[in-house]
Structure formats: structure tokens, C-alpha cells
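Peer 1: The sequence shown finishes on residue 455 if you use this note's numbering, and the numbering steps up by one all the way, no holes. All residues carry an ideal CB built from backbone N, CA and C; glycine is no exception.
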Amino acid sequence: MSIVVVVGMQWGDEAKGKVVDYLAQDADYVVRYNGGNNAGHTVVIGDEVFKFHTVPVGVLNEGVTAVITDGVVFDPSVFVGELEGLRKRGITADRIKISGNAHVIMPYHRLLDRLEEEYKGNGKIGTTGRGIGPCYADKMSRTGIRVWDLVDLDRFRARLTQCLQQKNKIITSVYGADPLDEATIYEEYAPYAEVVRPYVCDTTTVLVEAARECANIVFEGAHGSLLDIDHGTYPFVTSSHCVSGGACVGTGVGPTAIDRVIGVAKAYTTRVGAGPCPTELKDAVGDRIRERGREYGTTTGRPRRCGWFDAVAVRYAARVNGVCSIALTLLDVLSGFDMVKICVAYSIDGKETTEFTTDVDALWRAVPIYEELPGWKEEITDARVFEDLPAAARRYVDRISKLVGVPICLVGVGPRRDQTIVLDGEVLQM
Ligand code: GDP
Numbered sequence: 026m027s028i029v030v031v032v033g034m035q036w037g038d039e040a041k042g043k044v045v046d047y048l049a050q051d052a053d054y055v056v057r058y059n060g061g062n063n064a065g066h067t068v069v070i071g072d073e074v075f076k077f078h079t080v081p082v083g084v085l086n087e088g089v090t091a092v093i094t095d096g097v098v099f100d101p102s103v104f105v106g107e108l109e110g111l112r113k114r115g116i117t118a119d120r121i122k123i124s125g126n127a128h129v130i131m132p133y134h135r136l137l138d139r140l141e142e143e144y145k146g147n148g149k150i151g152t153t154g155r156g157i158g159p160c161y162a163d164k165m166s167r168t169g170i171r172v173w174d175l176v177d178l179d180r181f182r183a184r185l186t187q188c189l190q191q192k193n194k195i196i197t198s199v200y201g202a203d204p205l206d207e208a209t210i211y212e213e214y215a216p217y218a219e220v221v222r223p224y225v226c227d228t229t230t231v232l233v234e235a236a237r238e239c240a241n242i243v244f245e246g247a248h249g250s251l252l253d254i255d256h257g258t259y260p261f262v263t264s265s266h267c268v269s270g271g272a273c274v275g276t277g278v279g280p281t282a283i284d285r286v287i288g289v290a291k292a293y294t295t296r297v298g299a300g301p302c303p304t305e306l307k308d309a310v311g312d313r314i315r316e317r318g319r320e321y322g323t324t325t326g327r328p329r330r331c332g333w334f335d336a337v338a339v340r341y342a343a344r345v346n347g348v349c350s351i352a353l354t355l356l357d358v359l360s361g362f363d364m365v366k367i368c369v370a371y372s373i374d375g376k377e378t379t380e381f382t383t384d385v386d387a388l389w390r391a392v393p394i395y396e397e398l399p400g401w402k403e404e405i406t407d408a409r410v411f412e413d414l415p416a417a418a419r420r421y422v423d424r425i426s427k428l429v430g431v432p433i434c435l436v437g438v439g440p441r442r443d444q445t446i447v448l449d450g451e452v453l454q455m
């Protein structure tokens, strides 16, 4: 029996979906603990591509219960759409559970997300505009609507009346936009309540019981550690706890129940949205990585900012997450370069440091110091064991492991489930 957290070690999009899918083959539960439908996971099985925003990736595996817990913000319109999509593809979604404590994303959250971003002008965060930040803000200020409220329509109507009065004042007086209509929102949301209701329960009790019965549980982190509200590059972060500790906060399962934390890192760096990214390459090398890695957002289609692997940032992520092993993904994207670079330190105001900083002002000024390694020309998408990789690729993987100070359990050489090299099967064993 194992309880494993899968967490992103960069700025999100590290291919956590593929790693979770790998583990889910032997799991009983796959659990989302943070974020909302601003996150997107892509899983490729054979020729079929599945994209998820709200439903945990584990739903693709028969016998796996997919759980959306308290720490997630939940957009019922997106959930209903995803459910419909899965049904059309013949995937039974009966084993989904949704926490009544999860907060519901409302139309005014989406509107305020957009209005707040416009108001910030040049200082905008680059949010996905899905209402995630405003929904979490309401949760913290104790003015949110929870899934329990949604599925009890009398309660929902009363909460909506109360909340919308205040939101409409902000929408009209602060931003000069048109108010939203209560009846329209109610009519849209009441049918969602009918679809969602059968899935709602106390997920903490379900998971704690499952842990007691020695179930295999995968906690599926959304986004990446450097986007964590506390431990990321604030304010250019998302509004939830993306780090592994968020799995406990978001699910109500205590830290002593967790056996392992697997960190997922790309073989290079990407970042979407605004904020510092020391190794970003605004040149042909960055463009080549973007095209080969198809680095366009699952949720928004936005081109991702690309650069060399940042060992300073990933070492920091290993520390804040307590990562015991790394899944290094998308190594195949780096084939064809004469040489590849790894950022081993920053120079900030002329001072060299190997420590990451979450003081964003300083991070903007960080100049990466690189180590150069020989590249490899061969395509590696058919490699299935470590020895299949060219010597230069093997050296690159080993060097990353050494610099980050954590062993590597898996290397990704393509999007498909089978395009995976396992280095440490024991860590990946549920
Ligand atoms: P997530 O949010 O961390 O799950 O990441 P995304 O799903 O947004 O992005 C990962 C993308 O890379 C998806 O399109 C995957 O199908 C793809 N992918 C996953 N692993 C690999 C890999 O090893 N090589 C390549 N080329 N693509 C991969």
C-alpha cells in the first residue's frame, strides 16, 4: 500500500498528468488537492488524447476512484462538460467523488478575474481568466459558496442573493461594468446541481478510511511549486497551495500518512503568464524548444515561455516539497542541439548564488550562470531503457540529478504512456 504525492517542480505543465496516469494503473484513488480548471493535464494512451481540467486523470483507469477534494475550486459548468465528453468516449465516470467543502466558481468570479487583470494593466499576473483567484479570495474572506450549498437549491438561492449584492456593487462601482442578473445565474446553476449532487460527499472521511484500509492513493498536484501562493514567485503565482504540503491541507489527510513525494520536472524550463523566469530564451533556441515540446497551454492555448533547465529553481522545489525522487519529462524535446545548458547559479547584482529566491524583485535581476554539456543528435522517442539513450543524454540526466541532489526514477521520451524509461521501479510501485 502506498500514498504518493505527485508534484510539479517548476512553473507547471511538467507533464504531471502522464506521471499520475502511470501510477494510476495500480492505484485505487487519484485525488486532486488544489487549483481549479485553470490547470490542465494531457494524457495520451495509444492514439487517444485526453485533456482534463477538473476531473482527476485517474478516471481513465477502471477501478480507480477519482476525488476532487476541499482544496480545489470547482466550476460545475466545466465539470458537467468534462463528464459529458468522457461519457461520449465510453468512459464511465461513476467513481468520481466531490467534496462538499470545495468552493464553487461563480460567473462573478470569472468576470472579476477579467476586470481585475484589466485594472492591473502592466502589472497583470497573466491569469487564465477562469475565476480561480477571486473564488479562492472569497474562500479566505469567508464569503464563498461551497458545493454543499450548490446542491441544496434553497440554500444556494439564499447564498447567491447575499453574495451577488456585494459583488454587483464592486462590479458596477469599482469597475464600471454591468451588474450580473441573479435569476440568470440561478437558472444556469440549478441544472448543474442535479448533475453534481450524486457525486458529493465528505471526501476526507472517504480518504482517511481508504488509507486505513491500505488503499493505494495518488495525490495529483496541479500547477507547479514555483506558482504556490506562499512558496512561489508571488505575486506571479496561482491562488492555491501547489506544493506537496498542499495535499494534506487540501484533502484532510495528515502528513504522516504520506509515504513518498515524486517531483515532476521537465528537462528544460517553461513558464506561462507573467513573472520572472531567469532562464527564459527569447531566441531561436527558445522557439525550437517551444515547437518541439508543443509548448502551448492545455487550458488557454497560450505559447509558453521556454528556456534551459534551471537547477537552482528545481533544487529549491525539491526542498520545499521534500521530493524523494524526480520524474524527468520531455527529454526527447532536447534532441538535436549541439550543446545543452543547465543553469547552476544566478548572478544577482553581481553576487553569485546557488540559492533560489522568492523575492521577485531580486529574481527579475537574476542572470543565469550556465554549465554547458554536449548535446545529442539522435531522436530518443523509441528508447525504453536508460542504456538506449545516447551517452550525452545519459550524462545530462545524471548531471541534473547530481545538481538537484535527488535521484531520478523515470525519464519521459514522448507523450505516450509507453514512452517512458523507468530507472527506479520501486519508487513508482504503488
Ligand atoms: P501537466 O499539467 O503537468 O500534466 O502538463 P501538460 O499536460 O500541460 O503538458 C505536458 C504535455 O507534454 C502534454 O501534452 C503531454 O502529452 C506531453 N508529454 C508528456 N510527457 C512527455 C514527454 O516525455 N515527451 C514529450 N514530447 N511530450 C510529453
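Could you check the C-alpha separation between Arg296 and Pro432 for me, to the nearest Å?
Peer 2: In a straight line, the C-alpha of Arg296 is about 24 angstroms away from that of Pro432.
Peer 1: Near Arg112, which residues of its chain fall below 7 angstroms by C-beta distance, leaving aside the five closest residues on each side in sequence?
Peer 2: Once the five neighbours on either side are set aside, the close Cβ partners of Arg112 are Ala118.
Peer 1: Flag Val30 as yes when its Cβ comes closer than 6 angstroms to any non-hydrogen atom of the ligand GDP, and as no otherwise.
Peer 2: Val30 Cβ: outside cutoff for every heavy atom of the ligand GDP.
Peer 1: Which residue's Cα is closest to the Cα of Met364: Val348, Ser350, Tyr395?
Peer 2: If we check each option's Cα against that of Met364, Tyr395 comes out closest.
Peer 1: Give the C-beta separation of Pro503 and Val385 to the nearest angstrom, bearing in mind that I take them to be a contact with Cβ-Cβ under 8 angstroms.
Peer 2: This structure cannot settle anything about residue 503, because the visible part of the chain is limited to 26 through 455.
Peer 1: If Asn59 and Cys267 are in contact, beta carbons under 8 angstroms, what's the gap, nearest whole angstrom?
Peer 2: That pair is a contact at about 6 angstroms.
Peer 1: Any idea if Asp374 is buried or exposed, counting beta-carbon neighbours within 10 angstroms, 16 or more meaning buried?
Peer 2: Answer is exposed; the Cβ neighbour count stays below 16.
Peer 1: At 3 residues or longer, and completely inside the region 360-413: list those beta strand (DSSP E) runs for me, N to C.
Peer 2: You should have 364-373, 376-378, 392-399.
Peer 1: Go through its chain and collect everything with a Cβ distance to Asp357's Cβ below 6 angstroms, but skip five positions before and after it.
Peer 2: For Asp357, where only same-chain residues beyond five positions count, the Cβ hits under 6 angstroms are Ile405, Thr406, Val438, Gly439.
Peer 1: On a CA-only basis, which of Val410, Leu359, Val429 is nearest Tyr341? Give me that one, please.
Peer 2: Per the Cα distances, Val429.
Peer 1: In whole angstroms, what is the alpha-carbon distance linking Gln191 and Trp173?
Peer 2: Answer to the nearest angstrom: the Cα atoms are 21 angstroms apart.
Peer 1: Considering Val452, what are the terminal residues of the beta strand (DSSP E) in which it resides?
Peer 2: Careful: Val452 lies outside any beta strand (DSSP E), inside the alpha helix (DSSP H) at 450-453.
Peer 1: With distances taken Cα to Cα, identify the nearest neighbour of Val98 among Arg139, Ala202, Ala247.
Peer 2: Taking only the C-alpha atoms, the option nearest Val98 is Ala247.
Peer 1: Could you tell me which residues DSSP pairs with Glu234 in its beta bridges?
Peer 2: Per DSSP, none; premise fails for Glu234.
Peer 1: Identify whether Cys267 lies in helix, strand or coil by the three-state DSSP scheme.
Peer 2: Three-state DSSP puts Cys267 in coil, outside helix and strand.
Peer 1: Is DSSP giving Asp312 helix, strand or coil here?
Peer 2: Helix.
Peer 1: Nearest-angstrom Cα distance between Ala236 and Phe334?
Peer 2: Going by the C-alpha atoms only, they are around 36 angstroms apart.
Peer 1: Please give the ranges of any alpha helix (DSSP H) in the region 102-133, keeping only runs that are unbroken, at least 4 residues long and fully inside the region.
Peer 2: Fully enclosed alpha helix (DSSP H) runs of 4 or longer: not present.
Peer 1: Just the C-alpha distance for Ala183 and Leu175, rounded to the nearest angstrom, thanks.
Peer 2: Each residue's Cα considered, the two are about 10 angstroms apart.
Peer 1: When DSSP builds the beta bridges, which residues end up paired with Tyr321?
Peer 2: Pro328.
Peer 1: With respect to 6 angstroms, is the separation between the Cβ of Gly439 and the closest non-hydrogen atom of the ligand GDP below this value?
Peer 2: For the ligand GDP, at least one heavy atom lies less than 6 angstroms from the Cβ of Gly439.
Peer 1: Roughly how many angstroms separate the alpha carbons of Val92 and Val82, rounded to a whole number?
Peer 2: Approximately 10 angstroms between the Cα atoms of the pair.
Peer 1: Look up Lys291 in the DSSP assignment and say whether it is helix, strand or coil.
Peer 2: It is a strand residue.
Peer 1: Where does Glu238 land, buried or exposed, given buried means 16+ other C-beta within 10 angstroms?
Peer 2: When all chains shown are included, Glu238 counts as exposed.
Peer 1: State the DSSP-derived secondary structure class of Asp138, mapped to helix, strand or coil.
Peer 2: If DSSP states are grouped into helix, strand and coil, Asp138 belongs with the helices.
Peer 1: Compute the Euclidean distance between the alpha carbons of Val410 and Gly148, then round it to the nearest angstrom.
Peer 2: Each residue's alpha carbon lies about 46 angstroms from the other.
Peer 1: In angstroms with no decimal places, state the Cα-to-Cα distance between Ala336 and Gly71.
Peer 2: Each residue's alpha carbon lies about 33 angstroms from the other.
Peer 1: Do Cys249 and Gly37 have their CB atoms nearer than 7 angstroms?
Peer 2: In the sequence as presented, Cys is not what sits at residue 249; that position holds Gly. Against a cut-off of 7 angstroms, the Cβ pair of Gly37 and Gly249 comes out as a contact.
Peer 1: Would you call the region 310-323 and the region 51-68 touching, i.e. three or more CB-CB distances under 8 angstroms?
Peer 2: Touching, yes.
Peer 1: Secondary structure at Ala352, three-state DSSP: helix, strand or coil?
Peer 2: Of the three classes helix, strand and coil, the one that applies to Ala352 here is strand, per DSSP.
Peer 1: Helix, strand or coil for Gly60? Go by DSSP, reduced to three states.
Peer 2: Looking at Gly60 - three-state DSSP - the assignment turns out to be strand.
Peer 1: On the DSSP bridge assignment, give the partners of Val286 in chain order.
Peer 2: DSSP, once it has assigned bridges, lists Val30 as partnering Val286.
Peer 1: Can you name, in chain order, every residue of its own chain whose Cβ lies under 7 angstroms from the Cβ of Ala387, other than the five neighbours on each side?
Peer 2: Same-chain partners within the cutoff: Ile373.
Peer 1: Taking the continuous alpha helix (DSSP H) assigned at Ile22, which residues delimit it?
Peer 2: Because the chain is modelled from 26 through 455, residue 22 falls outside the range shown and cannot be assessed.
Peer 1: Do you know offhand how far Phe261's Cα is from Tyr161's?
Peer 2: Going by the C-alpha atoms only, they are around 15 angstroms apart.
Peer 1: Grouping DSSP H, G and I as helix and E and B as strand, with all else coil, what is Ala202?
Peer 2: Coil, per DSSP.
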